[in-house]
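K.L.:
One structure coming up, written as structure tokens, with questions to follow.
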């Protein structure tokens with residue numbers, strides 16, 4: 004871990020050149036502990052998705068607060084996160100031979116589970132595990148309404164489960180779903196989650212009648228995290244964004260601005276054009292991800308100038324519309340931006356600057372850019 | 004340079020895990036040569052913006068084809084590109100002290116020019132150059148309609164020029180503009196470029212009456228590149244995207260699909276949901292940048308299935324709507340995607356896979372992720 008540096012600006016990390024991502028360690032701990040309390044209360048395991056922070060240190064904080072295992076999207080991420088915990092879920096259809104080979108190798112070093120939704124993936128993983136001399140745990144991916152991956156019916160989930168049971172180098176561990184389509188306010192969320200529960204229950208019932216047990220039912224996302232108890236079938240949830248939060252979770256009503264633990268610190272570099280200033284954070288720093296709830300809200304929230312709108316991004320320019328600001332940001336001044344979507348934003352940073360009270364340290368983004 | 008590897012699949016680079024960015028070297032050379040010919044014909048210098056490829060090797064190809072100097076957005080990029088050429092333009096308002104210090108240091112090693120649009124930046128750069136014992140060339144940034152950076156009038160451009168002339172450690176080299184607002188078809192482009200020419204001419208005339216010469220008038224972008232002769236004031240143009248092209252340049256009428264030299268190669272990983280298949284390239288591979296001309300066109304073009312639509316991206320999932328496809332892509336199969344916006348897409352890759360006929364080599368993205 005890099006040496007801690009005293010931060011004379013009380014968290015503004017003046018010694019670092021902009022733009023950079025400043026992470027507030029106290030808010031991170033608060034977010035982690037808050038979800039851990041909820042999960043405890045409802046006897047749910049948390050298996051956080053590390054795609055958000057991509058950091059071994061943050062994963063350790065989550066494990067210390069009670070997380071049971073970690074979630075990744077790529078085998079490369081799994082190889083890194085297996086250094087932190089021996090229980091890793093690859094929440095991704097590892098269908099092709101190259102991915103299956105690496106997954107099977109990884110399964111020799113940790114308890115690896117993979118979510119699958121095709122016979123193709125089952126065959127590929129079984130063959131790879133046979134070659135590697137490992138066993139891979141399988142969760143069958145059920146589409147509960149997102150319509151991205153997952154089989155659409157209990158019957159097809161049963162077919163896949165039977166196929167897994169016939170595969171000598173795979174172990175059927177349960178069911179998997181991603182309710183990523185549910186991002187509405189609490190009441191509509193409750194109705195949508197009731198439908199998720201009904202589909203999961205029907206599938207589990209069908210499996211049971213076939214003598215098949217699901218020890219794990221893995222679901223959840225940050226927008227639905229605190230409503231997960233409405234899906235009694237769940238044994239674990241996999242939120243990612245909650246650790247940092249962003250404007251999507253704020254606008255979605257999941258958290259407040261004070262719960263946002265990661266800000267892009269940027270410098271005003273131009274005020275030559277009337278009605279606006281330009282900051283040195285564009286789409287190569289903030290991403291072009293829109294605010295899902297409020298696309299017209301712009302490309303992030305300016306903490307120090309809440310009336311400013313991040314109106315347009317080029318790759319390295321962020322244009323703030325300041326026509327509604329009482330005060331005008333000055334050239335050379337620093338501002339803090341809450342990004343719309345923190346996960347791909349983190350993935351653009353080689354390191355983040357972590358501020359913990361008066362201490363500041365650089366934190367490597369360990370699995371940044373791991374595409375495979 | 005990494006050792007060349009024979010590519011048994013005639014350019015499909017089967018030995019690399021997906022997703023990755025495949026670059027066709029022959030198309031790159033063709034794109035570079037085609038622009039070089041145009042520039043020669045019109046006695047324009049090409050100073051390519053390296054933000055697109057972020058590669059020293061591609062910059063060398065551009066220089067070998069006649070490019071005069073290189074363009075960067077960040078000082079960090081300039082430090083790397085100065086290893087390739089001794090003439091670097093920082094096309095960015097280096098207004099804050101940290102950036103100015105690094106720029107002044109870089110100016111000791113190469114002929115560095117910086118585009119400025121504030122007195123603040125002039126003062127910062129002059130002070131930094133004094134400390135570093137260097138001289139920085141200055142281009143005054145004039146807003147020709149993009150309304151992002153640049154002073155809006157000839158009079159304000161004259162004010163800045165006078166200020167530069169009074170700064171002992173700066174050298175006034177000329178004018179700078181970025182006609183990034185012009186992305187319309189050729190005829191409207193011609194009218195808009197006439198307005199650019201009028202504003203540049205008025206500024207140059209005002210400078211001349213004050214005894215100030217602009218040796219360089221730097222402008223251009225990829226969409227307007229081949230119309231640059233309509234702005235006789237230009238001495239150089241700074242296109243970036245032309246080297247690879249993307250769906251923005253295709254839909255904008257600048258090039259054809261055959262001119263696209265960079266494709267994301269992805270694998271189909273799921274076909275569980277009706278009417279779609281999922282590929283392993285999401286927003287962390289392709290970016291969320293919309294197609295500027297045709298936002299409903301989706302998140303890129305699938306070469307092998309032109310009727311498919313990249314309908315939705317999550318971070319690691321790309322959902323192809325295949326309801327209009329006569330053939331259905333199969334799980335495990337590879338497809339090639341032309342991204343909407345190649346520049347931030349390249350910035351997500353640690354390396355690209357360069358295919359040159361039957362030879363394949365990995366190419367490092369030298370200035371990837373250089374935020375400062």
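Protein chains in written order, with our numbering: chain S, 4 to 375; chain V, 4 to 375.
We put the beta carbon where it would ideally sit given N, CA and C, even for glycine.
Note that this is a predicted model, so its numbers are computed, not measured.
#1: Taking the continuous alpha helix (DSSP H) assigned at residue 80(V), which residues delimit it?
#2: Can you name the residues of chain S whose CB is closer than 7 Å to the CB of residue 346(V)?
#3: With a threshold of 6 Å on Cβ separation, who are the neighbours of residue 79(S) within its own chain once the five nearest residues in sequence on each side are excluded?
#4: Anything in chain V within Cβ reach of residue 335(S), meaning under 8 Å, just list it in chain order.
#5: Is it buried or exposed, residue 188(V), if we count other Cβ atoms within 10 angstroms and call 16 or more buried?
#6: If we define contact as Cβ-Cβ less than 9 Å, is residue 182(V) a contact residue for chain S?
#7: Residue 191(V) CB to nearest chain S CB: under 9 Å?
#8: Counting only beta-carbon separations shorter than 9 Å, does residue 358(S) have a partner in chain V?
#9: Between 114(V), 107(V), 159(V) and 328(V), which lies nearest to residue 205(V) when the distance is taken from Cα to Cα?
#10: Please determine if the segment 216–224 of chain V and the segment 160–178 of chain V are in contact, where contact requires at least 3 C-beta pairs separated by less than 8 Å.
#11: What are the partner residues of residue 21(V), as DSSP defines its beta bridges?
#12: Within a Cβ cutoff of 7 Å, which residues of the same chain sit near residue 344(S), ignoring the five residues on either side of it in sequence?
#13: For the alpha helix (DSSP H) containing residue 325(S), list its first residue and its last residue.
#14: Using beta-carbon positions only, say whether residue 387(S) and residue 164(S) come within less than 9 Å of one another.
#15: If you check the beta carbons only, do residue 384(V) and residue 260(V) fall under 9 Å apart?
#16: Does the Cβ of residue 147(V) lie closer than 8 Å to at least one heavy atom of the ligand SAM?
#17: If we ignore side chains and look at the alpha-carbon of each, how far apart do residue 35(V) and residue 333(V) end up?
#18: Taking the CB atoms as reference points, tell me whether residue 276(V) and residue 153(S) lie closer together than 9 Å.
#19: Mind pulling the beta strand (DSSP E) runs of 3 or more residues that sit fully within the segment 120–205 of chain V?
#20: Below 8 Å, how does it come out for the segment 47–56 of chain V and the segment 344–363 of chain V: are there three or more Cβ pairs, yes or no?
#21: Between 229(S), 190(S), 319(S) and 23(S), which has its C-alpha nearest residue 45(S)'s C-alpha?
#22: With a cut-off of 8 Å, do at least 3 Cβ pairs link the segment 109–129 of chain V to the segment 82–94 of chain V?
#23: Spell out whether any CB of chain V is found under 9 Å from the CB atom of residue 273(S).
#24: Determine the direct distance from the alpha carbon of residue 125(V) to that of residue 84(V), and round the result to whole angstroms.
#25: With 16 as the cutoff for other CB atoms within 10 Å, does residue 140(S) come out buried or exposed?
#26: Pick from 317(V), 267(V) and 338(V): whose alpha carbon is nearest that of residue 307(V)?
#27: Who are residue 48(S)'s beta bridge partners in DSSP?
#28: Go to residue 354(V), then tell me how far its beta strand (DSSP E) extends in each direction, as first and last residue.
#29: Could you give the residue range of the beta strand (DSSP E) that holds residue 219(V)?
#30: Less than 9 Å between CB atoms is the rule here; does residue 21(S) satisfy it with respect to chain V?
#31: To be precise: take each residue of the segment 144–157 of chain V, compare its Cβ to all Cβ atoms of chain S, and keep it if any distance is under 8 Å. Which residues remain?
#32: DSSP puts residue 365(S) in a beta bridge; with which residues?
#33: So with CB distances below 7 Å, who are the chain V contacts of residue 372(S)?
#34: Along the chain, where does the beta strand (DSSP E) containing residue 279(V) start, and where does it finish?
#35: Under the assumption that residue 341(V) contacts residue 266(V) (Cβ atoms under 8 Å), give the Cβ distance between them as a whole number of angstroms.
#36: When the Cα atoms are used, what is the spatial distance from residue 180(V) to residue 51(V)?
P.N.:
The relevant details are as follows:
#1: One-based indexing of the second chain puts residue 80(V) at position 77. Counting along the chain, the alpha helix (DSSP H) containing residue 80(V) begins and ends at 78–84.
#2: The residue labelled residue 346(V) in the question sits at position 343 within the second chain. Within chain S, the residues near residue 346(V) are 318.
#3: The residue you call residue 79(S) lines up with position 76 of the first chain. Same-chain partners within the cutoff: 373 and 375.
#4: The count along the first chain starts at 1 and reaches residue 335(S) at position 332. Under the 8 Å cutoff, chain V gives 98, 99, 100, 123 and 127.
#5: Counted from its first residue, the second chain places residue 188(V) at position 185. The residue is exposed, with fewer than 16 neighbouring Cβ atoms inside 10 Å.
#6: Taking the first residue of the second chain as 1, we reach residue 182(V) at position 179. Not one chain S Cβ lies under 9 Å of residue 182(V).
#7: Mapped onto the second chain, residue 191(V) falls at position 188. Judged by the 9 Å Cβ criterion, residue 191(V) is not in contact with chain S.
#8: Position 355 of the first chain, counted from the first residue, corresponds to residue 358(S). It does not; no Cβ of chain V falls within 9 Å.
#9: As a working mapping, residue 205(V) is identified with position 202 in the second chain. With distances taken between Cα atoms, residue 205(V) lies closest to 159(V).
#10: yes
#11: Stepping through the second chain from its first residue, residue 21(V) is reached at position 18. Residue 21(V) is not bridged to any residue.
#12: As a first step, residue 344(S) is located in the first chain; it is residue number 341 there, counting from the start. So the qualifying residues of the chain are 249, 251, 290 and 292.
#13: By one-based count along the first chain, residue 325(S) stands at place 322. No alpha helix (DSSP H) holds residue 325(S); DSSP gives it neither H nor E.
#14: With chain S covering only 4 through 375, there is no way to say anything about residue 387(S).
#15: Nothing can be reported for residue 384(V), as the shown portion of chain V is limited to 4 through 375.
#16: This structure does not include the ligand SAM; it has no bound ligands of any sort.
#17: Reading the second chain from its first residue, position 32 is the one you call residue 35(V). Reading the second chain from its first residue, position 330 is the one you call residue 333(V). If I take the Cα positions, the gap works out to 36 Å.
#18: As a position in the second chain, residue 276(V) is number 273, starting the count at 1. As a position in the first chain, residue 153(S) is number 150, starting the count at 1. Cβ atoms of residue 276(V) and residue 153(S): closer than 9 Å.
#19: 139–144 and 173–179
#20: yes
#21: Here residue 45(S) refers to the residue found at position 42 when the first chain is read from its first residue. If we check each option's Cα against that of residue 45(S), 229(S) comes out closest.
#22: yes
#23: As a working mapping, residue 273(S) is identified with position 270 in the first chain. Yes, its Cβ sits closer than 9 Å to a Cβ of chain V.
#24: Numbered from 1 along the second chain, position 81 holds the residue referred to as residue 84(V). Numbered from 1 along the second chain, position 122 holds the residue referred to as residue 125(V). Distance between the alpha carbons of residue 84(V) and residue 125(V): 23 Å.
#25: Taking the first residue of the first chain as position 1, residue 140(S) is located at position 137. With 16 or more Cβ atoms within 10 Å of its Cβ, residue 140(S) is classed as buried.
#26: Taking the second chain and counting its residues from 1, one reaches residue 307(V) at position 304. Nearest C-alpha to residue 307(V): 338(V).
#27: Taking the first chain and counting its residues from 1, one reaches residue 48(S) at position 45. Residue 48(S) is bridged to 239(S).
#28: Numbered from 1 along the second chain, position 351 holds the residue referred to as residue 354(V). First-last of the beta strand (DSSP E) with residue 354(V): 354–359.
#29: Within the second chain, the letter at position 216 stands for residue 219(V). Start and end: 219–222.
#30: Position 18 of the first chain, counted from the first residue, corresponds to residue 21(S). By this cut-off, residue 21(S) is an interface position.
#31: 144, 146, 150, 151, 152, 153, 154 and 155
#32: The residue you call residue 365(S) lines up with position 362 of the first chain. 356(S), per the DSSP bridge assignment.
#33: Indexing the first chain from 1 puts residue 372(S) at position 369. The answer, in chain order, is 351 and 353.
#34: Here the question's residue 279(V) lines up with position 276 in the second chain. 279–282 is the extent of the beta strand (DSSP E) around residue 279(V).
#35: The residue given as residue 341(V) occupies position 338 in the second chain. The residue given as residue 266(V) occupies position 263 in the second chain. Indeed they touch by this definition, with Cβ atoms about 6 Å apart.
#36: Translated into positions along the second chain, residue 180(V) becomes position 177. Translated into positions along the second chain, residue 51(V) becomes position 48. Cα-Cα distance, rounded: 14 Å.
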